[in-house]
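Enquirer:
Number of protein chains: 2
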Amino acid sequence: MSDEIRRNMPLFSMGIVTDLTELSSRQVRYYEQQGLIRPVRTKGNQRLFSFNDVDRLLQIKSLMEKGVNIAGVKEMLREKDQQQAQEAQPEPQPQEVTKPDLSDAELHKLLKRQLSELGSRPNQSHLIRGELSRFFH
Amino acid sequence: MSDEIRRNMPLFSMGIVTDLTELSSRQVRYYEQQGLIRPVRTKGNQRLFSFNDVDRLLQIKSLMEKGVNIAGVKEMLREKDQQQAQEAQPEPQPQEVTKPDLSDAELHKLLKRQLSELGSRPNQSHLIRGELSRFFH
DNA sequence: CTTTTTATGTTAAATTTCCTTACATGCATT
DNA sequence: AATGCATGTAAGGAAATTTAACATAAAAAG
Chain E
1 MSDEIRRNMP LFSMGIVTDL TELSSRQVRY YEQQGLIRPV RTKGNQRLFS
51 FNDVDRLLQI KSLMEKGVNI AGVKEMLREK DQQQAQEAQP EPQPQEVTKP
101 DLSDAELHKL LKRQLSELGS RPNQSHLIRG ELSRFFH
Chain A
1 MSDEIRRNMP LFSMGIVTDL TELSSRQVRY YEQQGLIRPV RTKGNQRLFS
51 FNDVDRLLQI KSLMEKGVNI AGVKEMLREK DQQQAQEAQP EPQPQEVTKP
101 DLSDAELHKL LKRQLSELGS RPNQSHLIRG ELSRFFH
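From first to last, the protein sequence lines stand for chains E and A.
According to the UniProt record's numbering, the first sequence is numbered sequentially starting from 1.
According to the UniProt record's numbering, the second sequence is numbered sequentially starting from 1.
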């Protein structure tokens, strides 16, 4: 729980995040606009990102490089969020499945179509998916 | 060693550091000028601080609140740096003691005089000495 | 008890970074 | 051919940061 706080502490400015992720600021703002991340703001309205935000951005980048579109990314992050919420409160809560934004059929079709690609491009000198987790234990 | 990289990765802008440490930017710059920290710079000449920098600033703050002056802080950080350097390369290196900037007598006198005070003031909502270490394992 | 040093505050001007908005565009999808 | 998605780019303004200078209270030195 104290870990939760650390992961969500607003620490990084836009410039550092673009360096860390090698995303353009345009991309980062677009992803925020699409509801994929929720950085807080300074008094002067500038974005401050947390470890979690950077982590999500790396996941988003990874997925989009595989051809997944925003809708797909949104769906996958939503699932992951649910998992984490479950882990956070381990009470076995009998709950009817929350309706996904997209039907299972739609999502399946979507992913099936998109996962037939594979853009490959060497990368380094910045964070890659999974590398961030080492910042905490 | 990979840990060393993480600890020294330039991540934080001035604003975040002043929030984290509750030091004024003036203080942070002064401590840099005195050689206590060495933040790197962006292309545009703005400071970028690492975890290590923030950690040192918290130590500096803690010491100065106890009345230790810059010279004393400098000495104590130097000692700690030596320790860490030793731990990093555990080769039993027979080395004659490096001459301190201040003689032992001077330092002793200095600390003895200064440690007779104790400014107490409640603090919260920011990092305190030792709290930062949890960001890594 | 003056004088000097230390550590920090404050202000100003210049520079850099970031913000929003708007328009442009290549590539898929329809 | 027309539309939508994801991103680039440019303009204008606001916020954050920088250096340099001057001010000052408290401590140290003489």
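Idealized CB from N, CA, C, for every residue including glycine.
Compile a chain-ordered list of the residues in the segment 40-52 of chain A whose CB is closer than 8 Å to at least one CB of chain E.
Expert: THR42 and LEU48
Enquirer: Taking the alpha carbon of E:ASN52 as the point to measure from, which residue in E:THR42, E:GLN27 and E:GLN84 has its own alpha carbon closest?
Expert: E:GLN84
Enquirer: With burial defined as no fewer than 16 other Cβ atoms inside 10 Å of the residue's Cβ, what is the status of E:ILE5: buried or exposed?
Expert: exposed
Enquirer: Run through the segment 48-88 of chain A for me and flag every whole alpha helix (DSSP H) of 4 or more residues, listed as ranges in chain order.
Expert: Fully enclosed alpha helix (DSSP H) runs of 4 or longer: 51-65 and 70-88.
Enquirer: Helix or strand or just coil, what does DSSP make of A:ARG41?
Expert: Strand at A:ARG41.
Enquirer: Taking Cβ-Cβ distances shorter than 7 Å, what residues in chain A pair up with E:ARG29?
Expert: Here the premise fails: no neighbours, minimum Cβ distance about 18 Å.
Enquirer: What three-state label does DSSP hand A:ILE16 in the structure shown?
Expert: The DSSP-derived three-state label of A:ILE16 is helix.
Enquirer: Taking contact to mean at least 3 C-beta pairs separated by less than 8 Å, is the segment 21-40 of chain A in contact with the segment 31-42 of chain E?
Expert: no
Enquirer: Between A:LEU48 and A:SER24, which are expected to be in contact by the criterion C-beta below 8 Å, what is the C-beta distance as a whole number of angstroms?
Expert: Not really, about 18 Å apart at Cβ, beyond 8 Å.
Enquirer: Applying the criterion that 16 or more other CB atoms from any shown protein chain within 10 Å of the CB defines a buried residue, is E:LYS43 buried or exposed?
Expert: exposed
Enquirer: Between which two residues does the alpha helix (DSSP H) containing A:GLU131 stretch?
Expert: Segment: none, A:GLU131 is in no alpha helix (DSSP H) and carries neither H nor E.
Enquirer: Of the choices A:ARG56, A:ALA71, A:THR21 and A:GLN89, whose alpha-carbon is the least far from that of A:ARG7?
Expert: A:ARG56
Enquirer: Do A:LEU58 and A:THR21 come within 8 Å of each other at the CB atom, strictly closer than that value?
Expert: yes
Enquirer: Does the CB of E:GLY15 have a neighbour CB from chain A at under 8 Å?
Expert: yes
Enquirer: By Cβ distance below 8 Å, which residues in the same chain neighbour E:LYS99 in space, the five residues on each side in sequence not counted?
Expert: Residue placement at E:LYS99 is flagged as unreliable, the pLDDT there being 42, under the threshold of 50; a coordinate-derived value is accordingly withheld.
Enquirer: Excluding the 5 residues flanking E:VAL73 on each side, which residues of the same chain have their C-beta closer than 7 Å to its C-beta?
Expert: LEU36, ILE60, LEU63 and MET64
Enquirer: Look up A:SER24 in the DSSP assignment and say whether it is helix, strand or coil.
Expert: coil
Enquirer: How about A:PRO10 and A:VAL54: do their beta carbons lie closer than 8 Å?
Expert: no
Enquirer: So, helix, strand or coil for A:GLN33, using DSSP?
Expert: Per DSSP, reduced to three states, the secondary structure at A:GLN33 is helical.
Enquirer: Using a Cβ-Cβ cut-off of less than 7 Å, give me the residues of the segment 48-81 of chain E that come near chain A, in sequence order.
Expert: Residues: none.
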